[in-house]
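The sequence shown runs 869 to 1339 under our numbering. We put the CB at the ideal spot given by N, CA and C, even for glycine.
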Amino acid sequence: MTTAPRKLHIKSFGCQMNVYDAQRMVDTLAPEGFVETANADDADLVILNTCHIREKASEKVYSELGKLRLAKAEAAQHGKQMNVVVAGCVAQAEGDEIIRRAPVVDVVVGPQSYHNLPQLLAKARDGERALDTDFPVEDKFGFLPAPKPAAIRARGISAFVTVQEGCDKFCTFCVVPYTRGAEVSRPVAKIIEDTERLADNGVREITLIGQNVNGYHGEGPDGRPWALGQLIFRLAEIPGIARIRYSTSHPRDVEDTLIAAHRDLPQLMPFVHLPVQSGSDRILAAMNRKHTAADYRRVIERFRSARQDIAFTSDFIVGFPGETEQDFADTLALVTQIGYAGAYSFKYSPRPGTPAAELQETVSQADMDERLTRLQTLIDSQQAAFNKAAVGKTVDVLFERAARNPGQIVGRTAFLQPAHVMASEDIIGKILPVQVESLERYSLIGTLATATHPPLSSSELSQPVLTATGA
Ligand code: SAH
Ligand code: SF4
Ligand code: F3S
């Protein structure tokens, strides 16, 4: 091993779990002498951290590999070795094919095997190609090094904490149960340890992540499985952690302690991503979602009865095999009834190995495009109304960093809306009330509400006002 730092470029696609995994890969390779670089061309090691969820996502791998072939050849001309790793869900699903199709790739490594990266890379440097997509690990994060204080500080005041990985739900359209394996929950003690380390190094907001995060059932200190709500009650006791979020939830796994946590904990943000996929019971059944549209509405009601200001976001798929105009109308009706603060919507994409891929596709591309546009128009109008409603109000903002415009600091509201104010950098890491004056695209623009402002009205007081020291 050389002593000069080697440059690592890592490019992530897909979900939050991949963002988190990328950080863990960086932490794993730091003791090997790697430092991150933003530029693939001068890197000694390039990792593509891939996503397999839709065809478009997984096709990106091959176009990226085309570019890397040229960069690697160029490096070789200058007598430099560049190694290329494919990680993530495409690696897991199509590892053999990648090795066969793409000679530029030195290592293929699945999401459960990142702790083996140093050994796999040692092979690659000896000219051997390596594939590791085993599914052996109960708590893969137990094998990975904890981030160093400097790394935590460099990543800012908001951090992801993995609590659960994998999915046992087997929605018929979805690759996740195959790429991430069975649901595994991390023990409560490890999550507390991670969160305390983050808090000690300046983190103020944590987002608990998992493919099916509210299916969490990790072992508690009492030896019993704890639910997500119980875990959140415990994490809210950690000094310094002012905001807690979690993602992504499944409507079937919303248990009462989670609802209680929303009722009782001001730290738990009133912003819930709760994918429904469709508003039609026929389509929900064909998707194996195991809930109806009415079940979903009831779950939303349970949240809202605990805390009336909770805002929801969702995911939708249009054009699932068999979706009729009436089924799609049911989806629009559900969206109208719930009223979302935002949502992602996708055209159905058949994925190899999933049960839905066996079904005859019945919705033409033109009809899918048309339905997607109608759905997105409706969701966009709801999102715009939601954001507009903040103008004129005083909202709590957790300040994160200096903005692009000199003198401006940007933070986020409880609903993850970016909010900009003119202020000094010492407000970073604090939660302060902001008087919102205008909306520019998706960003709120305002001024710090000072003591000279009129007192908050009672409706505004339903939003907890936390300060940097008062969490
Ligand atoms: N665990 C999360 C979803 C992960 S995938 C959950 O259960 O909600 C993120 C979103 O991608 C899904 O909610 C779904 O809307 C979309 N998606 C997944 N598979 C898809 C497919 N085959 N075609 C189109 N969209 C898909
Ligand atoms: Fe995929 Fe369904 Fe599991 Fe979500 S719940 S990850 S959509 S199988
Ligand atoms: Fe994609 Fe894998 Fe996440 S398929 S959405 S990166 S779990």
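State the DSSP-derived secondary structure class of residue i, mapped to helix, strand or coil.
| i | result |
| --- | --- |
| Pro873 | coil |
| Pro1323 | Low per-residue confidence applies at Pro1323: pLDDT is 43, beneath 50, and the placement is therefore not dependable, though the value from the model is reported in the following sentence. Pro1323: coil per DSSP, three-state reduction. |
| Lys1215 | strand |
| Leu1329 | For Leu1329, the predicted model reports a pLDDT of 37, less than 50, meaning its position is unreliable and no value from the coordinates is stated. |
| Asp1235 | helix |
| Lys879 | strand |
| Gln1251 | helix |
| Thr1075 | strand |
| His1141 | strand |
| Asp974 | coil |
| His920 | coil |
| Val914 | strand |
| Thr1335 | Per-residue confidence for Thr1335 stands at a pLDDT of 32, beneath the threshold of 50, marking its modelled position as unreliable; the derived number appears in the next sentence. If DSSP states are grouped into helix, strand and coil, Thr1335 belongs with coil. |
| Asn951 | strand |
If you drop the 5 nearest sequence neighbours on each side, which residues of the same chain put their C-beta closer than 8 Å to that of residue i?
| i | result |
| --- | --- |
| Ile1106 | Ile1060, Thr1063, Glu1064, Ala1067 |
| Leu1246 | Leu1200, Val1203, Thr1204 |
| Ala944 | Met950 |
| Ala908 | His877, Lys879, Val914, Lys935, Leu936, Ala939 |
Which residue from the options puts its Cα closest to that of residue i?
| i | options | result |
| --- | --- | --- |
| Phe1188 | Met1236, Tyr1164, Glu927 | Met1236 |
| Ala1154 | Asn907, Glu1229, Leu1099, Ser1117 | Glu1229 |
| Arg968 | Tyr930, Glu1308, Ala944, His946 | Tyr930 |
| Gly1210 | Ser1232, Pro1218, Arg1242, Gln1250 | Gln1250 |
| Asp1124 | Thr1116, Asn1255, Leu1099, Tyr888 | Leu1099 |
| Glu1087 | Ser1053, Val1029, Ser1115 | Ser1053 |
| Asn886 | Ala939, Ile1277, Ile921, Val1231 | Ile921 |
| Asp1294 | Glu1268, Gly1049, Ile966 | Glu1268 |
| Ser1115 | Lys879, Pro873, Gln884, Ser880 | Gln884 |
CB residue i to CB residue j, shorter than 7 Å?
| i | j | result |
| --- | --- | --- |
| Met1137 | Arg1113 | yes |
| Leu1312 | Val1304 | yes |
| Ala961 | Asn917 | no |
| Cys1039 | Gln1079 | no |
| Thr1262 | Pro1218 | no |
| Thr1047 | Ile1077 | no |
| Ala1271 | Val1265 | no |
| His877 | Val914 | yes |
| Gln1032 | Lys1008 | no |
| Lys875 | Thr905 | yes |
| Asn1069 | Arg1102 | no |
Keeping to the same chain, check which residues put their C-beta closer than 6 Å to that of residue i; ignore five residues upstream and five downstream.
| i | result |
| --- | --- |
| Asp1121 | Asn1082, Gly1083 |
| Val975 | Val953, Leu988, Ala992, Ala998 |
| Lys940 | Met950, Val972 |
Who are the Cβ neighbours of residue i in its own chain at under 7 Å, not counting the five residues just before and after it?
| i | result |
| --- | --- |
| Phe1171 | Ile1127, His1130, Val1140, Ile1178 |
| Gln1135 | Ala1104, Ile1109, Ala1110, Arg1111, Ile1112, Ala1339 |
| Met1290 | Gly1275, Gln1276 |
| His1118 | Lys1037, Asn1080, Asn1082, Gly1083 |
| Gly1207 | Gln1250 |
Going by the C-beta, is residue i closer than 6 Å to any heavy atom of the ligand FMN?
| i | result |
| --- | --- |
| Val1044 | Inclusion of the ligand FMN in the displayed structure is not the case, the ligand content consisting of the ligand SAH, the ligand SF4 and the ligand F3S alone. |
* Three CB pairs or more closer than 8 Å across the region 997 to 1012 and the region 1177 to 1184 -> Judged by pairs of C-beta atoms under 8 Å, the region 997 to 1012 does not touch the region 1177 to 1184, as fewer than three such pairs exist.
* Does the count of Cβ pairs from the region 1187 to 1205 and the region 1138 to 1157 closer than 8 Å reach three? -> A contact exists between the region 1187 to 1205 and the region 1138 to 1157.
* Asked: Counting Cβ pairs closer than 8 Å, one from the region 1246 to 1256 and one from the region 1220 to 1236, do we hit at least three?
  -> Contact check between the region 1246 to 1256 and the region 1220 to 1236: fewer than three CB pairs, one atom from each, fall below 8 Å, which does not count as touching.
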